[in-house]
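A.B. asks: For the sequence shown, my numbering begins at 673 and goes up steadily by one. For glycine and all other residues, C-beta sits at the position ideal for the given N, C-alpha and C. Have a look at the structure that comes next, please.
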Amino acid sequence: MNLGVVILAAGQGTRMKSSLPKVLHRLAGKPLLGHVIDCARSLSPAEIVVVYGHGGDRVQAAFEGQDDLQWVEQAQQLGTGHAVQQAMPVLKSSDQVLVLYGDVPLTRSETLAALIEATRHQGFGLLTVKLPNPSGYGRIVRNDGGRVQRIVEQKDATPEELAIDEVNTGIMCLPRDRLVTWLAGLSNSNAQGEYYLTDVLAMAVADGFDIQVCQPAAAVEAEGVNDRAQLARLERAHQQRVADRLMADGVTLSDPTRLDVRGELQHGQDCEIDINVLIEGLVKLGNRVRIGANCVLRDMVVGDDVEILENCVLEQAHIGNASKVGPFARLRPGADLVGGAHVGNFVEIKKSVVGLGSKVNHLTYIGDSEIGEGVNIGAGTITCNYDGANKHKTIIGDRAFIGSNSALVAPVTIGANATIGAGSVIGKDAPEDKLTLTRAKQVSLNWQRPTKK
673 MNLGVVILAA GQGTRMKSSL PKVLHRLAGK PLLGHVIDCA RSLSPAEIVV
723 VYGHGGDRVQ AAFEGQDDLQ WVEQAQQLGT GHAVQQAMPV LKSSDQVLVL
773 YGDVPLTRSE TLAALIEATR HQGFGLLTVK LPNPSGYGRI VRNDGGRVQR
823 IVEQKDATPE ELAIDEVNTG IMCLPRDRLV TWLAGLSNSN AQGEYYLTDV
873 LAMAVADGFD IQVCQPAAAV EAEGVNDRAQ LARLERAHQQ RVADRLMADG
923 VTLSDPTRLD VRGELQHGQD CEIDINVLIE GLVKLGNRVR IGANCVLRDM
973 VVGDDVEILE NCVLEQAHIG NASKVGPFAR LRPGADLVGG AHVGNFVEIK
1023 KSVVGLGSKV NHLTYIGDSE IGEGVNIGAG TITCNYDGAN KHKTIIGDRA
1073 FIGSNSALVA PVTIGANATI GAGSVIGKDA PEDKLTLTRA KQVSLNWQRP
1123 TKK
């Protein structure tokens, strides 16, 4: 059977009190709709159709270039049944239709795979969940034999039906050919004046279908986002899920509730992560990496036996094996520490290579530079790489020693084994194996310090 996925993403989300379409609000750094699309893709469907409405141009723009997605507009929000009806003409090669929701981001692919498998032979599958407080959800009405008969929305429910704790998640898997017929028979004669997708269940029962019910491992898989408080709760649930998986894979987390992964974290063995660490994009850690508190890593590659001390911000850079970074260091895009390097407190490096075993320990800016092996950069050194119009390169040879508070005015080359005297402004190439310095003559004067009057 070919699976088609319909994702309903047309709602305005008025309770978010935002000009941003609800499905574009972010969870773990990714739009809510993005989580649902990724989950749908993991099922290898023949087609994915997204039904959009409010802010449709912005929603489509957020997923521009993703050619496996088909887009259908629901110009008037007349209910979930009406929304699915808009998608049916586009689903041309599917036998089964899985209906998902763009604001329900934490459904696991394993849960949906079980629902699809249960539906494969019986035709109609429904994901339900039991809640201690089912307020706001449609209730699952069963007969005396326990078989599902219909779904009743809260506004249309009797007091007896309101007491039911099994609720509809809205996620269904249905046969396409019958779904077309059932959708055509929907009515909006209800308290909301809408065409409910849930009403097709009673039609399926009347047609002799035995509804197959599946339930997720945790109710949070079926929870949607209606306001910012719910978004925050689901963020924490997602981050706890990520932390649990990392710890199960052998990563030590000082406090699992104080790690945020907004992307993907790949890791080797025996990595340790302290509190309040933020991971964004794709971050790859080697073996035995230690990350101190309050660090941000964004699209990073980190080698084996690297220690990252507290309060570092590291982005689109590479840290080679056995290097030490921080505290309070910043690596910007293009920074490459070859290995065994030391980058210390209040050091910023951008688009530069730091060679094997070289040290840049204090209060330094390195930009557009090539630093060789065994180089020592003294405190307060800066590479003056920008002339107001263009960037220029600084090259420092192996085992050079740059004295503190030096300014290297690019383009400039410092030779191997060269020594730059402290406080120098170097605007011409410094030869290898020599001391180069620029310094005004030191003068001591008889002088009276001013006094207050």
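Does the beta-carbon of residue 620 have 16 or more other beta-carbons within 10 angstroms, so that it is buried, or is it exposed?
C.D. replies: The structure shown does not extend to residue 620, since the chain is modelled only from 673 through 1125, so no value can be given for it.
A.B. asks: In the DSSP assignment, find the alpha helix (DSSP H) that holds residue 831 and state where it starts and stops.
C.D. replies: Element bounds for residue 831: 831 to 834.
A.B. asks: Helix, strand or coil: which one does DSSP assign to residue 923?
C.D. replies: Looking at residue 923 - three-state DSSP - the assignment turns out to be coil, as it is neither helix nor strand.
A.B. asks: For the stretch 946 to 1024, list the alpha helix (DSSP H) runs that are entirely contained and at least 4 residues long, ordered along the chain.
C.D. replies: Runs found: none.
A.B. asks: Verify whether the separation of the beta carbon atoms of residue 1005 and residue 984 is less than 8 Å.
C.D. replies: The answer is no: Cβ separation not under 8 Å.
A.B. asks: Find out if the Cβ-Cβ distance for the pair residue 785, residue 846 is shorter than 8 Å.
C.D. replies: No, the Cβ-Cβ distance between residue 785 and residue 846 is not below 8 Å.
A.B. asks: With a 10 Å radius around its C-beta and 16 neighbouring C-beta atoms as the bar for buried, classify residue 1012 as buried or exposed.
C.D. replies: Buried, since its Cβ has 16 or more Cβ neighbours within 10 Å.
A.B. asks: By the three-class DSSP mapping on this structure, what secondary structure does residue 883 have?
C.D. replies: Residue 883 falls in the coil class under three-state DSSP.
A.B. asks: Whole-angstrom Cβ separation of residue 759 and residue 724, contact assumed at under 8 Å?
C.D. replies: The Cβ separation is near 11 Å, so there is no contact.
A.B. asks: Who are the near neighbours of residue 893 in its chain, counting only those whose CB is closer than 7 Å to its CB and skipping five residues on each side?
C.D. replies: Answer for residue 893: 778, 779, 780 and 783, listed in chain order.
A.B. asks: Should the stretch 799 to 815 be regarded as contacting the stretch 824 to 842, the criterion being three or more beta carbon pairs within less than 8 Å?
C.D. replies: Yes: at least three Cβ pairs fall under 8 Å.
A.B. asks: What are the residues that DSSP puts in a beta bridge with residue 743?
C.D. replies: DSSP, once it has assigned bridges, lists 722 as partnering residue 743.
A.B. asks: Over what stretch of residues does the beta strand (DSSP E) that includes residue 839 continue unbroken?
C.D. replies: Note, residue 839: beta strand (DSSP E), 838 to 847.
A.B. asks: Please classify residue 888 as buried or exposed, where buried requires at least 16 other C-beta atoms within 10 Å of its C-beta.
C.D. replies: Buried, by the Cβ-count rule.
A.B. asks: How would you write the range of the alpha helix (DSSP H) that residue 858 sits in, first residue to last?
C.D. replies: Unbroken run through residue 858: none, as it is neither H nor E.
A.B. asks: List the DSSP bridge partners of residue 1041.
C.D. replies: 1066.
A.B. asks: Inspect the beta-carbon positions of residue 753 and residue 855 and report whether they are closer than 8 Å.
C.D. replies: Result yes, Cβ atoms of residue 753 and residue 855 sit closer than 8 Å.
A.B. asks: Between the Cα of residue 749 and those of 1114, 869 and 818, spot the shortest distance and give me the residue it belongs to.
C.D. replies: Among 1114, 869 and 818, the Cα nearest to that of residue 749 is on 869.
A.B. asks: Considering only their Cβ atoms, is the gap separating residue 677 from residue 717 smaller than 8 Å?
C.D. replies: The answer is yes: Cβ separation under 8 Å.
A.B. asks: Helix, strand or coil for residue 827? Go by DSSP, reduced to three states.
C.D. replies: In this structure, residue 827 counts as helix in the three-state DSSP scheme.
A.B. asks: Buried or exposed: where does residue 938 fall if 16 or more other Cβ atoms within 10 Å of its Cβ makes it buried?
C.D. replies: Result: exposed.
A.B. asks: Three-state secondary structure (DSSP) at residue 1103?
C.D. replies: Here residue 1103 sits in coil by DSSP.
A.B. asks: Please report the distance separating the alpha-carbon of residue 1001 from that of residue 1093.
C.D. replies: Looking at the two C-alpha atoms, the distance is approximately 25 Å.
A.B. asks: Going along the chain, which residues of its own chain have a beta-carbon closer than 8 Å to the beta-carbon of residue 977, five neighbours each way excluded?
C.D. replies: Hits under 8 Å: 958, 959, 960, 961, 993 and 994.
A.B. asks: Let me know the secondary structure DSSP gives residue 1056 once reduced to three states.
C.D. replies: Of the three classes helix, strand and coil, the one that applies to residue 1056 here is strand, per DSSP.
A.B. asks: Once you ignore the five residues that flank residue 792 on each side, which residues in its own chain have a CB closer than 8 Å to its CB?
C.D. replies: Around residue 792: 673 and 768.
A.B. asks: With the cut-off set at 8 Å, would you say residue 963 and residue 991 are in Cβ contact?
C.D. replies: Cβ atoms of residue 963 and residue 991: not closer than 8 Å.
A.B. asks: Would you call the stretch 729 to 744 in contact with the stretch 912 to 929, where contact means no fewer than 3 C-beta pairs closer than 8 Å?
C.D. replies: Output reads no: the stretch 912 to 929 does not touch the stretch 729 to 744.
A.B. asks: Sort 707, 695 and 687 by Cα distance to residue 934 and report the nearest one.
C.D. replies: The shortest Cα separation from residue 934 among 707, 695 and 687 belongs to 707.
A.B. asks: List the residues that DSSP assigns as beta-bridge partners of residue 703.
C.D. replies: According to DSSP, which records beta bridges pairwise, residue 703 is partnered with 698.
A.B. asks: Kindly indicate the opening and closing residues of the beta strand (DSSP E) around residue 932.
C.D. replies: Start and end: 931 to 938.
A.B. asks: Measure from the alpha carbon of residue 844 to the alpha carbon of each residue in 972, 800, 929 and 850, then state which is nearest.
C.D. replies: That would be 800, whose Cα lies nearest to the Cα of residue 844.
A.B. asks: Inspect the beta-carbon positions of residue 1070 and residue 1045 and report whether they are closer than 8 Å.
C.D. replies: Closer than 8 Å, so yes.
A.B. asks: Beta-carbon within less than 6 Å of residue 950's beta-carbon, same chain only, minus the 5 sequence neighbours each way: which residues are those?
C.D. replies: The answer, listed in chain order, is 932 and 968.
A.B. asks: In angstroms with no decimal places, state the Cα-to-Cα distance between residue 1103 and residue 1087.
C.D. replies: Taking the straight line joining both Cα atoms gives about 5 Å.
A.B. asks: Among residues of its own chain, excluding the 5 on either side of residue 903, which ones have a beta-carbon nearer than 7 Å to its beta-carbon?
C.D. replies: 697, 699 and 897.
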